[in-house]
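Enquirer: No gaps in the numbering here: position 116 of the sequence shown is 116 in our numbering, and each next residue is one more. C-beta: ideal position from N, C-alpha, C; glycine also. Fair warning: this is a prediction, and the values are worked out from it, not measured in the lab.
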Amino acid sequence: MDDAFSEFFRQEHRGLIGFVMKLGARQAIAEEVTQSAFLEAYRRWDTIRHPRAWVRTVAARTYFKGLDKGMDDLARLEDSLEDTVVCDAMDIADYLAQRDRVQAALDRLPMTQRFVMAWSMDGYPASKIAVELTELRGRPVSPESVRKARQRAREALRAFLGSNRKGVE
Numbered sequence: 001m002d003d004a005f006s007e008f009f010r011q012e013h014r015g016l017i018g019f020v021m022k023l024g025a026r027q028a029i030a031e032e033v034t035q036s037a038f039l040e041a042y043r044r045w046d047t048i049r050h051p052r053a054w055v056r057t058v059a060a061r062t063y064f065k066g067l068d069k070g071m072d073d074l075a076r077l078e079d080s081l082e083d084t085v086v087c088d089a090m091d092i093a094d095y096l097a098q099r100d101r102v103q104a105a106l107d108r109l110p111m112t113q114r115f116v117m118a119w120s121m122d123g124y125p126a127s128k129i130a131v132e133l134t135e136l137r138g139r140p141v142s143p144e145s146v147r148k149a150r151q152r153a154r155e156a157l158r159a160f161l162g163s164n165r166k167g168v169e
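1) Which ranges would you report for the alpha helix (DSSP H) in the stretch 41 to 71 if only whole runs of at least 4 residues count?
2) Using only CA atoms, which one of Ser127, Phe5, Val102 and Glu135 lies nearest to Asp46?
3) Hey, quick one: how far does the alpha helix (DSSP H) through Asp3 stretch, first residue to last?
4) Under 8 Å: do the stretch 106 to 114 and the stretch 17 to 29 share three or more Cβ pairs, one atom per stretch?
5) Please go through the same chain and pick out, in chain order, the residues whose beta-carbon is closer than 6 Å to the beta-carbon of Glu135, but skip the five residues on each side of it.
6) What's the call for Leu133, buried or exposed, on a 16-neighbour Cβ count within 10 Å?
7) If you follow the alpha helix (DSSP H) that Ala156 is part of, which residue opens it and which one closes it?
8) I need the DSSP call for Leu109, collapsed to helix, strand or coil.
9) Are Ile48 and Glu31 close, meaning C-beta to C-beta below 8 Å?
10) My output table needs one value for Ala25: the three-state DSSP class, helix, strand or coil.
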């Protein structure tokens, strides 16, 4: 079990942090939520059938529950800390600027559209996203509603980022 879980952790850790950030979390919060999701996955590893989707479900629920409990305090602390890493590589600076621009665009979306885009950007179909949204909201959400929300989100992202930008599809 430990080898399989360790390999899963190595493969998914960074991606899960990115997923939580797409939901709207700042990096420090995304890291905390990710750690919590992986800890829960480790505890239940023998019973999890689809670990990649499972940790994303747990992470999304943890993040949204944390919003209600003032998890943003950690983000304010993160903002108050100065960056200690200095990097001269222009490509990294360009990447970070682009990432921040996309994150800012995602942050402007309504929560449902942001949720749909986070799952979509991680490769999940409308049917799976509908199940997760139904669970989160406590009322049925159809795959068609997910597709409509995804389309509206894409249109809003295009408008914010500019129609000549690639990668919004």
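Expert: This is what the structure gives:
1) 51 to 68
2) Counting from one through the sequence shown, the residue named residue 46 turns up at place 46. With distances taken between Cα atoms, Asp46 lies closest to Phe5.
3) For the purposes of this step, residue 3 is taken as residue 3 along the sequence shown, with counting starting at 1. That run of the alpha helix (DSSP H) goes Asp2 to Lys22.
4) yes
5) Residue 135 sits at position 135 when you count from the first residue of the sequence shown. Cβ neighbours of Glu135 beyond the five flanking positions: none.
6) As a position in the sequence shown, residue 133 is number 133, starting the count at 1. The residue in question, Leu133, is buried, as its Cβ has 16 or more Cβ neighbours within 10 Å.
7) On the sequence shown, position 156 is the one that residue 156 refers to. Start and end: Pro143 to Leu161.
8) Along the sequence shown, one-based indexing puts residue 109 at 109. In the structure shown, Leu109 sits in coil (DSSP, three-state: anything other than H, G, I, E or B).
9) Within the sequence shown, numbered from 1, the residue matching residue 48 stands at position 48. Within the sequence shown, numbered from 1, the residue matching residue 31 stands at position 31. Their beta carbons are not under 8 Å apart, which means Ile48 does not touch Glu31 by this criterion.
10) Looking up residue 25 in the sequence shown gives position 25. Reduced to three states, the DSSP call for Ala25 is coil.
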